[in-house]
Amino acid sequence: MRAVIVVILLALVCRWGVAQIGPKYVIELRGPGGAATAGMAQGRVQLVAHGLALVRFQGLSLLVVDADGEAYSEDAARAWPEADLLLVLPASAGHYAGFAPLQALRNGAPVIVGEVDAAPVSAGGPQLYPMQVWNALDLRKQNTRLRVTAMAGAAGAAAIAGYMLEMGNSRSSYRLYVSAAEAAAAELAQRMPGADLALVAGPSLLQLNRGAPSGAPAALTAAGYTFTAIKR
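In my numbering, the protein residues as written are 80 to 311.
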C-alpha cells in the first residue's frame, strides 16, 4: 500500500512539473491569420534596410532588427514597417543606441530584447519581453503560431547568440534561426539540427536542412526568399 501511495505521489509531482514547462510569454493577437497549414503554407523573409529584415508567414509578420545596424536609430525607426512583433538581435561592438529607437514605436508594440538590455522605457512606449537563453515566447494569431526561443552560442555560453523562430503548427512548421553574428552552415547545423534555414551577418541565408547543410551562403535581398512549411 505504501509503495502504491509513493507511486501516485511521484506521478502527481511529475504531472505538475510537466505543467510548468512552457513558454515564458504568450501573446494572443486579433486579426486575420492563416488557415490551418497542411505542409504547403508559405512564408517569406526579405531585406528591408541595412540591419532590418521582415519575416511573413500566414498573416503574421515579424520584424528582425540588428541592434548594431544602420536601421537601428531614432530617425530610421519612424520608417520601420508595421509588424506584429519586433525582435531586437543582441548587440555586439558597434553604435548600439539602447532603447531610444524603440520610443518611435506605437504604444504597447511587443518587442523581444535580451534580458541584460531590458532597461525601463518611457510610459506610452512599446511592451518589452526580456529573454534569457532558452526562454521562449509564443505568439498566436488565429490559426498561425510563432515560437521564438533564445539560443546560446558556444557550449556553456550564458549570452544569447540568436533566436530560433518556429512558424506553423503541430503538423507542419518552418524553423528559421536568426543572428547578427557570423557563422558557418556546418557549425550551425551541428548546434541546431532541427533548423531549416539561418539568417546571419551579411545578411546571408544558410540552408541548414535540419542537420544536412547544402549550398553556398546566399545574400538576403529586398526581393526576399520564399520558404514552405515542412511536415513534422
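Heads up, the beta-carbon is just placed ideally off N, CA and C, and yes, glycines get one too.
Leaving out the 5 sequence neighbours to the left and right, which residues in its chain are closer than 8 angstroms to VAL127 when beta-carbon positions are compared? Here the question's residue 127 lines up with position 48 in the sequence shown. So the qualifying residues of the chain are LEU133, LEU142, ALA150, TRP159, PRO160, ALA301.
Cβ contact (3+ pairs, closer than 8 angstroms) linking the segment 182-189 and the segment 203-213: yes
With a CB to CB cut of under 6 angstroms and the five nearest residues on each side skipped, what residues in its chain are close to PHE306? Translated into the one-based positions of the sequence shown, residue 306 becomes position 227. Within the same chain, PHE306 has close Cβ partners GLY122, TYR253.
By the three-class DSSP mapping on this structure, what secondary structure does ALA268 have? Start at 1 with the first residue of the sequence shown, and residue 268 comes out as number 189. Reduced to three states, the DSSP call for ALA268 is helix.
Measuring CA to CA, which of VAL279, GLU245, LYS310, ARG157 is closest to PRO169? To locate residue 169, count along the sequence shown from 1; it is residue 90. Sorting VAL279, GLU245, LYS310, ARG157 by C-alpha distance to the C-alpha of PRO169 places VAL279 at the top.
Rounding to the nearest angstrom, what Cα-Cα distance links VAL190 and ILE106 in this structure? Locating residue 190 in the sequence shown gives position 111, counting from the first residue. Locating residue 106 in the sequence shown gives position 27, counting from the first residue. Rounded to whole angstroms, VAL190 to ILE106 spans 11 angstroms at the Cα level.
What's the gap between the Cα of ARG289 and the Cα of MET271? As a position in the sequence shown, residue 289 is number 210, starting the count at 1. As a position in the sequence shown, residue 271 is number 192, starting the count at 1. Straight-line Cα distance between these residues: approximately 8 angstroms.
Residue from ARG109, ALA229, GLY273 whose Cα sits closest to the Cα of LEU216: Counted from its first residue, the sequence shown places residue 216 at position 137. Per the Cα distances, ALA229.
Considering only the alpha carbon of each residue, which of PRO209, TYR208, GLY148 lies closest to PRO180? Counting from 1 along the sequence shown, the entry for residue 180 is found at position 101. When only C-alpha atoms are compared, the closest one is GLY148.
Which same chain residues, not among the five before or five after SER293, have their C-beta less than 6 angstroms away from its C-beta? Here residue 293 refers to the residue found at position 214 when the sequence shown is read from its first residue. GLN286, listed in sequence order.
Beta-carbon contacts of ALA298 that lie in its chain and below 8 angstroms, excluding the five residues immediately before and after: Residue numbering aside, residue 298 sits at position 219 when the sequence shown is read from its first letter. Cβ within range, chain order: GLY281, PRO282, SER283, LEU284.
Tell me which same chain residues have a C-beta within less than 6 angstroms of the C-beta of SER140, skipping the five on either side of it? Position 61 of the sequence shown, counting from 1, holds the residue named residue 140. Excluding residues within five positions, the ones whose Cβ falls inside 6 angstroms are ALA162, ASP163.
GLN137 burial status per 10 Å Cβ neighbour count (16 or more: buried): As a working mapping, residue 137 is identified with position 58 in the sequence shown. Label assigned to GLN137: buried.
Helix, strand or coil for ARG185 per DSSP? For this step, residue 185 is matched to residue 106 along the sequence shown. In this structure, ARG185 counts as coil in the three-state DSSP scheme.
Taking 8 angstroms as the limit between beta carbons, can you name the residues of its chain near GLU153, skipping five residues before and five after? Stepping through the sequence shown from its first residue, residue 153 is reached at position 74. Excluding sequence neighbours, GLU153 sits near ALA176, ALA179, PRO180, GLN182, ALA183.
Residues of its chain near GLY96, where Cβ-Cβ distance is below 6 angstroms and the 5 sequence neighbours each way are ignored: In the sequence shown, the residue the question calls residue 96 occupies position 17. Because the pLDDT at GLY96 is just 36, under 50, the model does not fix this residue reliably, and the value given afterwards should be weighed accordingly. For GLY96, where only same-chain residues beyond five positions count, there are no Cβ hits under 6 angstroms.
Can you tell me whether GLU261 is buried or exposed, with buried defined as 16 or more other CB within 10 angstroms of its CB? For the purposes of this step, residue 261 is taken as residue 182 along the sequence shown, with counting starting at 1. Looking at its Cβ environment, which holds fewer than 16 other Cβ atoms inside 10 Å, GLU261 is exposed.
Residues in the same chain with beta-carbon distance under 7 angstroms from GLU211, minus the five sequence neighbours each way, listed in chain order, please. In the sequence shown, residue 211 corresponds to position 132, counting from 1. Sequence check: residue 211 is Gln here, not Glu. These residues qualify, in order along the chain: GLU194, ALA229.
Which word fits GLY241, buried or exposed, when buried means at least 16 other C-beta atoms lie within 10 angstroms of its C-beta? Taking the first residue of the sequence shown as position 1, residue 241 is located at position 162. When all chains shown are included, GLY241 counts as buried.
Around the Cβ of GLY247, are there at least 16 other Cβ atoms within 10 angstroms (buried) or fewer (exposed)? Along the sequence shown, read from residue 1 onward, the residue named residue 247 stands at position 168. Buried is the call here.
Could you name the residues of the same chain whose beta carbon sits closer than 6 angstroms to that of GLY232, not counting the 5 residues immediately before and after it, in chain order? Reading the sequence shown from its first residue, position 153 is the one you call residue 232. The residues are ALA240.
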